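I have placed the structure first, in the form of structure tokens, so that the comments after it can refer back to it.
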Amino acid sequence: MTDVLAVLMILPGIALLSFLLVPSSVANRFVRPVRRLVATVAAAQVVVATIALALWAIGDSTALHTVFCCLDQSCSVNLSVHYDAVSALMFLLVSFVGWVTCQFSIRYLCGEVTQGRYFRWAAVTIGAVSLMVISGNLLMFFVLWVTTSLGLHHLLLHYADRPAAARAAWKKFAISRMGDVALIAALVIVYQAYGTFEFDQVFATIGRAPEPIASQWIGWLIVCGAVTKSAQLPFHSWLPLTMETPTPVSALMHAGVVNAGGYLIVRTSPLVAQAPIALTTLAIIGGATACFAATVMLTQTSVKKSLAYSTIAQMGFMMLQCGLGAFSAAMLHIIAHSLYKAHAFLASGNVIADGKATETNWKLVNPLERRLFAPIRFIAALVLPVVFLSASMALFGIGPSSKPGGYLLGFSLSLAIASWLMRVFAKDSGVALAAGLATAFALTFVYSASFFAIDRFLGGSITRFERSSPDTAAMLVTAVVGFGFVVLFTLQQWMLRARRFPMLDALYVHASNGFYVDSVIRRVFGSVFSA
Amino acid sequence: MSVLIESKTKQNEFCINDVLERVTRAITAVSPLKDYVAVNPYGGLTQYDFLAARRFLRSVCDAESLMPLSYYRQQFAAGKLRRGSIEAALRELTLDRNVDVESVTGDAIVSLLTSDLAIDNLENTDRVFRTISQCIDRRSGSDWTRIICDEISKYCAAHYDQGQSTWRSPWQGGSLYQAWISIASIDRNIEILGLKRFRRYVAQLPQSPEAAIVFCLHRLGVPKRLWEGFLMCQAHSIPGWSAWTKYQTERAARSGDETSDLAALIAIRLCYGAALAEQMSFSIDWDSIKFADLSARSDAGDYDDDAVARYVLLRASEIAIREKLVGSIRAAAPSESSRSTQSLARIVFCIDVRSERIRRNIESVSSEIETSGFAGFFALPIEYVPIGQSSGDGQVPVLLQPQFQLQEGLRGADHPAEAALISRKRGVRSLRKAWKSFQSSAIGCFSFVETMGLFYGVPLIRRPLGIGAAPIDHRFDGVSPEQHDRLGPTLCGLGDQGITTARQIDMSESILRGIGLTDGFAKLVVFCGHGSKTQNNPLAAGLDCGACGGHTGESNARFAATLLNQPAIREGLAERGIVIPDATHFLSALHNTTTDDIEFFDLADLPAVSKADFEKLRTHTNAGSAMTLTERLPIMASKSVEGLMERTVDWSEVRPEWGLAGNAAFIVAPRSLTQSIDLDGRTFLHDYDHVKDPTGALLEQIVCAPMVVAHLINMQYYASTLDNEHFGSGTKTLHNVVGGFGIFSGNGGDLMTGLPWQSLHTGDHLQHEPVRLLAVIAAPRDAIDRVIEKHEKIKSLLMGGWLQLIAIDGTTPFRFTETGEWEPIE
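Line order of the protein sequences matches chains A and B.
Residue 68 in our numbering sits at position 68 of the first sequence; the count goes up by one each step and never skips.
Residue 534 in our numbering sits at position 3 of the second sequence; the count goes up by one each step and never skips.
Structure, rendered in structure tokens:
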């Protein structure tokens, strides 16, 4: 039974990957059957992934590891599937996003002479990323990781005659290959240390890791690979440049591919957890990326650029969670962000209509505003979120101290809700106040509920990361990143004020340029200025 | 000494103001997306003839305004273009004398069309001016032009942002030029990219854009005779932002503000060039540049043969359309319009080309229904203010300004009901706004995703499968479902603005006289505006009614019907000789151009006696809608009516409808002249009966307003088809809405201003055939002559070949030549 399921799971992915063999010219000529076929296979994969997830949920929660065939004599190069709660969720997610973008692209790209080519590479990308998330061994994972990247490269070159499109694609290409080098090194060391690439065997022998130094190296290298894949500082600059490709490619990339770095960490968490310093570094990189990109995002004037910086920020936050060892929270973040971002990109044509829906050029009817006295408002806005969050977490029996990074993540949620309450308190209507308070509580409730659900679901599939109790490094991360969030919060409040500060004005200018990271890279590495 | 310098500067400024004024005139403004309407991108050049304008344009940029020969080859091979038309074009152009075509023969052109030599000459041989960065890029293969364009785009987008960024530019309150000076003296980007010490360069610039332009022109050593061309070249290197800053300049001028954002833009563009030239020690040999006077008549020798041949072919394809149209008008026996009994209904549609199909189909369903064509704002220059709000959208054509505010309200409701609605609406809107700013805030965005992100899975399942609820219509925020029908224009507050009953009677009279509806009223008279219904479409306004400023015509139609149902107004009209029978009721409706559905409004006001008539009318219009939809199936490449209907709610649809693609002619005549002809949705139809207009006042109005608007729309489609990169907005798949008002194609670059490629091209062939508008006026030639003589602008449009005109005088058609004479058409 389980073997049948495993075969069913890989079949759509292999079918999609096989479009690699269809020349683009042929795909363009037979675009109607090609696009229908790709979308149908993608839909079939969603069905399979849903059934598999359901079976997993009612099953006995042991990882399903199936080796289909050995490709060499010693059986170290295999075609295999590793299916547990983590890959179950991810498999459904990428299948779903893949299907939505395919379905969207049928009408959206209709009439383009290269629509067939587009569907060919979309199929390859979706097939590769789907098989990647259920890969049974590190080698297969790596090969599909590279295939995903190459498929995406062709999608980024959909309008290859646009110079900016080529520039973005090749920049991404270069950064991805850097990550590949790190992963190849990690692969070699894993094989030397464990004698196998299979996840189940590696994970089973993890406690008896042969050489501490090897496990440190593995941790660091995997972190490097993840950081390049998930657009972390300073490897992020390609992402905002990829608007030169059709909208559904952005949706697929931001929702289905760019989070592969995070998935890599969660998937190999037993390995990475052996290198706590690497993880701590990852947390700092993630926190820095989140604060940096969120600031830049505020200043962006076009909808897709804002979304791109938003993705970088969200990936940073997700990496922060990974670095803190909060793997359940990171998985929740990956899934929620993917759904949100896929929708945001595909619906990005609605901004004009949305703008009209928030028009508030009111006729002055009642100029008197009944506002709460400012200090009371301020304190209430800061205290209430903590109360709400504690209450809802208690409801689900979640203790912040028992979860890795619990205090920092709880703190960021409280700050966010505080910023919401401050907005609501600034309104003069009692209805708005009531609705705002209810929303604030609902947010904490939804957060606790989804965290509770996903943590339970993931259960034994993820590593329970235990740091040594007086971990100064972790406390340092909490302090530094927490401070970063406070700065963001303060910045947000200052922006709403009319008063000007020269420092803040200068910060605005630098932030609107993405702090020049891309221009510096372009200047140093680009050949555009050849005299 | 200093006095000398000062007076010299003054003199220069005086001169530069003249030059800038001429440059400004040559640029056409573009509206923000929410009010997007068609404009003529060549609008500032219509004082020249068509080919001279083309040459002028191509002397400063690489824009194209003639289709390539390969296109005409296809047309010729497909039999759409015949030798006869080409010969006729040559004969007419010889007569018109704008272009010297004596050296060109029909044989030569036909052999061009039938040879298989590669003939599309892409090199722009007319080019005289280049910006400094373009010169340097050509020489060294660098990328400065693009870099400078991106920089300017960044500043302009930040300066004009109306809603995308959370952290707005702190300098938005000032002028564009001042904002740029402030930011550019902090910004390090261009220095990192290689333009060294640019911040220092900016610091030494004068305080006004005009002075900065003179400063840079002097630094570059540009002689005064070339200023205009060189500045025009700067403006056309970023045509999108030029058009946008022109819009800002016009808007400022209306409120009495003299600052010119377009001048600021030109100054900024020029500064980058000047700084670059100094860094690279680059200079241009200005003496080698010869710049001819444009007002002179163009000789064939001035153009490469290619351009003249293509111009002849353009005229030939226009003649082909004209011959077909004139032929069918001649063949059709004018239908009998006089009737003895009162007809069931008259529906007044907009002149829009999309109205033609549905008018023809409804008329074919029932002989009891008559239709008319009139500008879709129904001559009501209103700003329609949504309930509770202080301002709203201008519901007028681009040539006009709103004269007064029309308030939306709950029709027939008391004040407390409205107040409650307003308070609910404010609650909904302000919470929505707070929620939106929460999700895009620096600290809130993370928690927003973690809590609400999962819920986006629902629309992601729903929308591809096309199931679930219709998207929320924000117009009905705070309005309960049973109130929806009653939310509409009210007459409240009109008196306060000086729109007294007497003025309302004036307006009503001008509507009726404009349509030519002064007697023989049907039992029901329907004002039918139009609007589109699309999803996820930033250019949706471009599909709505252009006469209503890129919005739907609903408010104007409802207002017109409301006015004409007022007893006081009917009494006033009767005193002025227009007697509306008591049995006549005015209704309003909206033609949904995406689904061809017709929706009626304010049926609660329908008198009991008219109910049966209305039901009959509704049956007929439903039948007409269905027929129109079926007729459109082939051009929509849709297999079924259901498939077509789905397009209105499909978020991935890039061709929900064709808009005004295919527009080719504007007919000013009684409907009886065209009633029996299938005009294929390509014709603007304006009702006009010259017998009822002895003074020619009405004709003058039509020629100066609706005809010009039709010409603007036609030119917008023409220019976007011809040079989509320069005048269009590229592919929809790359559209990236900027600042809530405009569109980038991809990452950035210039603002895109025109129509997207998907609105013109099916993917297989062009849906819009690029020809200039053919105006057909059924009126005596001398009446038309009087109008043309009176309006220099119209005269230069006609004599410059920007649109063609034929008069149907009696039964004979005459062509208005470009020398201003009437030539009979056989």
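Don't be surprised by glycine CBs; every beta carbon is placed ideally from N, CA and C.
Note that the coordinates shown come from a computational prediction; the quantities given were computed from them, not determined experimentally.
- Per DSSP, the continuous alpha helix (DSSP H) segment holding Gly225 (chain A) begins and ends at 212 to 229.
- Of all residues in the region 497 to 526 of chain A, only Arg500, Leu504, Asp505, Ala506, Tyr508, Val509, His510, Ala511, Ser512, Asn513, Tyr516, Ser519, Val520, Arg522, Arg523 place a beta-carbon less than 8 Å from a beta-carbon of chain B.
- Residues are counted here when their Cβ sits less than 8 Å from a Cβ of chain B; for the region 385 to 417 of chain A these are Ser412, Leu413, Leu415, Ala416, Ile417, given in chain order.
- Per DSSP, the beta-bridge partners of Tyr915 (chain B) are B:Asp924, B:Leu937.
- Taking C-beta atoms as the reference points, Ala906 (chain B) and Ala1078 (chain B) count as a pair closer than 8 Å.
- No Cβ-Cβ contact shorter than 8 Å links Glu939 (chain B) with Gln926 (chain B).
- The beta carbon of Trp1182 (chain B) sits closer than 8 Å to some beta carbon of chain A.
- Judged by DSSP in its simplified three-state form, Phe91 (chain A) adopts helix.
- Bounds of the beta strand (DSSP E) holding Ala1338 (chain B) are 1335 to 1340.
- Sequence-ordered contacts of the region 774 to 794 of chain B with chain A are nonexistent [C-beta pairs closer than 8 Å].
- A straight line joining the alpha-carbon of Gly261 (chain A) with that of Thr444 (chain A) spans about 28 Å.
- According to DSSP, residue pairing for Asn1087 (chain B) in a beta bridge does not occur.
- Here the region 953 to 970 of chain B lies against the region 415 to 429 of chain A, with 3 or more beta-carbon pairs under 8 Å apart.
- The Cβ of Ser978 (chain B) sits closer than 8 Å to at least one Cβ of chain A.
- Shown here for Leu1243 (chain B): same chain residues with a beta carbon closer than 6 Å to its own, the five before and five after excluded, namely Ala569, Val570, Asn571 in chain order.
- If you draw a straight line from the Cα of Glu682 (chain B) to the Cα of Ile799 (chain B), it comes to about 10 Å.
- Three or more Cβ pairs closer than 8 Å define a contact, and the region 319 to 338 of chain A falls short of that threshold against the region 944 to 964 of chain B.
- Closest in C-alpha terms to Ala353 (chain A), from the list B:Cys1235, B:Lys565, B:Asp1224, B:His1266, comes B:Lys565.
- Interface annotation, Tyr987 (chain B): in contact with chain A, CB-CB separation under 8 Å.
- Close to chain B, meaning a Cβ-Cβ distance shorter than 8 Å, are the following residues of the region 346 to 359 of chain A: Leu346, Ala347, Ser348, Gly349, Asn350, Val351, Ile352, Ala353, Asp354, Gly355, Lys356, Ala357, Thr358, Glu359.
- For Cys1059 (chain B), the enclosing beta strand (DSSP E) begins and ends at 1055 to 1062.
- Take Leu109 (chain A), set aside five residues on each side of it, and the residues of its chain with a beta-carbon closer than 7 Å to its own are Gln115, Tyr118, Pro246, in chain order.
- DSSP places Tyr83 (chain A) inside the beta strand (DSSP E), whose first and last residues are 78 to 83.
- DSSP, read as helix, strand or coil, puts Ile277 (chain A) in helix.
- Taking the Cβ atoms as the reference, Lys1054 (chain B) lies roughly 37 Å from Asp1008 (chain B), outside the contact range of under 8 Å.
- In chain order, Pro563, Gly1270, Gly1271, Phe1272 place their CB closer than 8 Å to the CB of Gln693 (chain B), counting only its own chain and leaving out the 5 sequence neighbours on each side.
- Sequence-ordered contacts of the region 255 to 270 of chain A with chain B are nonexistent [C-beta pairs closer than 8 Å].
- DSSP, reduced to helix, strand and coil, places His749 (chain B) within a helical segment of the structure shown.
- For Arg963 (chain B), at least one C-beta of chain A is nearer than 8 Å to its own C-beta.
- The beta carbons of Val48 (chain A) and Met9 (chain A) sit closer together than 8 Å.
- Burial of Glu741 (chain B) is indicated by the presence of at least 16 other C-beta atoms within 10 angstroms of its C-beta.
- When DSSP states are grouped into helix, strand and coil, Asp1128 (chain B) belongs to the strand group.
- Listed along the chain, the chain A residues whose CB falls inside 7 Å of the CB of Asp692 (chain B) are Thr301.
- Below the 9 Å Cβ cutoff, chain A contributes no neighbours of Arg669 (chain B), its closest Cβ being approximately 13 Å away.
- The beta strand (DSSP E) runs of length 3 or more contained entirely in the region 748 to 825 of chain B do not exist; there are none.
- Between Ile1233 (chain B) and Tyr1219 (chain B) the beta-carbon gap is near 6 Å, inside 8 Å, which marks them as a contact.
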